[in-house]
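Scroll down for the structure; my scribbles are underneath it.
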Amino acid sequence: MQHRIIVLGAGYTGAFAAGRLARRLRREDVTLTLVDAEPDFVERVRMHQLAVGQDLRPRPYSEMFAGTGVVLKVAKVTGIDVDGRTVSVLGADGAEELAYDSLVYALGSGWNTRGVPGAAEHAHDIAGRPGALRLRERLAALDSGRPVVVVGGGLTGIEAATEFAEARPDLDVALVARGGLGDWLSPAGRRHLRKVCGRLGITVHEHRTVTAVAADRVTTAEGDAIPAAVTVWTAGFAVHPLAGATALDVTGTGQIVVDGTMRSVSHPDVYAVGDAAMVRGPGGTPLRMSCASGTPTAWQAADSLAARLTGGKLPNVPLRYFNQCVSLGRGDGVIQYVTADDRARRAALTGRFAALYKEMICRAAAWSVANPTFGMPVRRRAALRDAAGASVPG
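Here the numbering used here is used: position 5 in the sequence shown is 627, and no number is missing along the way.
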């Protein structure tokens, strides 16, 4: 008669949610199953580092969740029946169907080629470990002087271009941005970003829209033909398409529409977190796809589900931003302080201290995921029971 909770996706948000639920609920009251296609946690914010040959510390889920009561299922999610409350997965033992009472959807997002001709065939992605490892092999094989083009002037593109240029100063690295370089930053942040790009020898093509990708070049709407032995595509992310194939209420981009507790507005036994959820922050502005947005939503979902199961008070924590952390190689960076709704303030921390700050944030996030119960796998409150002895649905 245990309440069956399934968490789909073990990235930052899914792993956070599973660990937080393990701290909130008694093992005898619930079963917690975490489903992911990978056996190890992937530090997605470090994929540009992996691509240039840096080795990342392995974090097996089997070790991370040992003793917590969280059961790991290494499998790919192939379908969800939100009306029948089942999840279809494909793992080493073949196809399987898992039943749930509450579902936490944390499948996140992947790269989005935006339908640009040739991007899927010729460009590399760093949205996940498989893509980063393929790019790593390709970059390692490049001779000195070869051109590498990063498409996308957002945080991912800037971090990738600066990492590549720092690690491989012998390559000709270029960055293609739809707008101005770092145009969302404060004047101080923009000045420092331009200074670093100049120091690293990065050629920046601003206000350019890429319309085609070939094996040896990218073409822009403005008429540029930019040579590229390797093209790295970072121009946006798209959510996992699975939710859009269900009866869940989703947006036009496929994000699940949720209330303030991260609960689906159409199916109250489903919670969505991170990139998969359409979450509005201060002023009704949708939160951007990022780790900074995803982690608080995971906390909110886990605490809300636990509160409903145990009769506790629902959380009411505002979702807001404080800063944007941008690494510019291993020794430089920009910490842009922002308003609650993510608009740049005048103040920005730059240089070596910014790099140390960003590294501290990344390490803290990884430690929190790798220690899901903070060393205290305690179920704090008992689940409520109905007359038949079953736990009350969340």
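Yeah, the Cβ is synthetic: ideal placement off N, Cα and C, and Gly gets one too. Quantities reported herein were computed from a predicted structural model and do not represent experimental measurements.
Item, Value
"Residue range of the beta strand (DSSP E) that W855 falls in?", "V852 to W855"
"Sort D765, E981, D897 and A640 by Cα distance to F859 and report the nearest one.", "D897"
"Can you look up E685 in the DSSP assignment and give me helix, strand or coil?", "helix"
"Could you pull the DSSP bridge partners for D703 from this structure?", "T708"
"So for K695, helix, strand or coil by DSSP?", "strand"
"So, at 8 Å on beta carbons, what are the nonlocal neighbours of S684 in its own chain, with the 5 sequence-adjacent residues on each side left out?", "P661 and L694"
"What residue ranges within the stretch 882-969 form continuous beta strand (DSSP E) runs of no fewer than 3 residues, ordered along the chain?", "892-894, 945-949 and 955-960"
"Quick check on E785: buried or exposed, where buried means 16 or more other Cβ atoms within 10 Å of its Cβ?", "buried"
"Taking the straight line between their C-alpha atoms, what separation do you get for F687 and N993?", "8 Å"
"Between which two residues does the alpha helix (DSSP H) containing F859 stretch?", "Taken as a continuous stretch (DSSP letters only), F859 belongs to no alpha helix (DSSP H), being part of the beta strand (DSSP E) at F859 to V861."
"DSSP three-state call for L870: helix, strand or coil?", "coil"
"In the DSSP assignment, what residue or residues form a beta bridge with L720?", "V709"
"For P809, report the span of its alpha helix (DSSP H) as first-last.", "P809 to L822"
"Could you tell me which residues DSSP pairs with L978 in its beta bridges?", "The partner list for L978 (beta bridge, DSSP) is empty, contrary to what the question assumes."
"Quick one: Cα of P890 to Cα of L941, how far?", "21 Å"
"Do you know how far the Cα of S949 is from the Cα of T833?", "28 Å"
"Do you know offhand how far A1009's Cα is from G933's?", "Confidence at A1009 is low in this model, with a pLDDT of 40, below 50, so its placement is unreliable and the value that follows should be read with caution. The alpha-carbon atoms of A1009 and G933 are separated by roughly 16 Å."
"Indicate whether R668 and L678 have their beta-carbon atoms separated by less than 8 Å.", "yes"
"Candidates G820, A789, S808 and T825: which alpha carbon is nearest A799's?", "T825"
"What three-state label does DSSP hand G732 in the structure shown?", "strand"
"Determine the closest residue to G876 out of E718, D723 and G732, with distance taken between C-alpha atoms.", "G732"
"So, using beta-carbon positions, are L757 and H744 closer together than 8 Å?", "no"
"Give the DSSP-derived three-state secondary structure of H829 in the structure shown.", "coil"
"How many Å lie between V835 and D846 at the Cα?", "12 Å"
"Determine which residues share a DSSP beta bridge with D846 and list them.", "DSSP lists no partner for D846."
"Whether or not the stretch 698-709 and the stretch 900-908 are in contact is what I'm after, with contact meaning three or more pairs of Cβ atoms, one per stretch, closer than 8 Å; do they touch?", "no"
"How far does the alpha helix (DSSP H) with L672 in it reach, from first residue to last?", "M669 to A673"
"Out of curiosity, what's the CA-to-CA distance linking R710 and A639?", "The question names Arg, but residue 710 is Ser in the sequence shown. About 21 Å."
"Mind checking M884: buried by the 16 CB within 10 Å criterion, or exposed?", "buried"
"From G801 to E828, what distance separates their C-alpha atoms?", "6 Å"
"Would P918 be called buried (16 or more neighbouring beta carbons within 10 Å of its own) or exposed?", "buried"
"Give the secondary structure of V657 by DSSP, where H, G and I count as helix, E and B as strand, and everything else as coil.", "strand"
"Considering just the uninterrupted stretch of the beta strand (DSSP E) at P769, what are its terminal residues?", "P769 to V773"
"Look at the alpha carbon of W989 and the alpha carbon of G737, and state the distance between them as a whole number of angstroms.", "37 Å"
"Buried or exposed for R985, please, with buried defined as at least 16 other CB atoms from any protein chain shown within 10 angstroms of its CB.", "exposed"
"Given 8 Å as the limit, is there contact between the stretch 641-649 and the stretch 921-928, that is, 3 or more CB pairs closer than that?", "yes"
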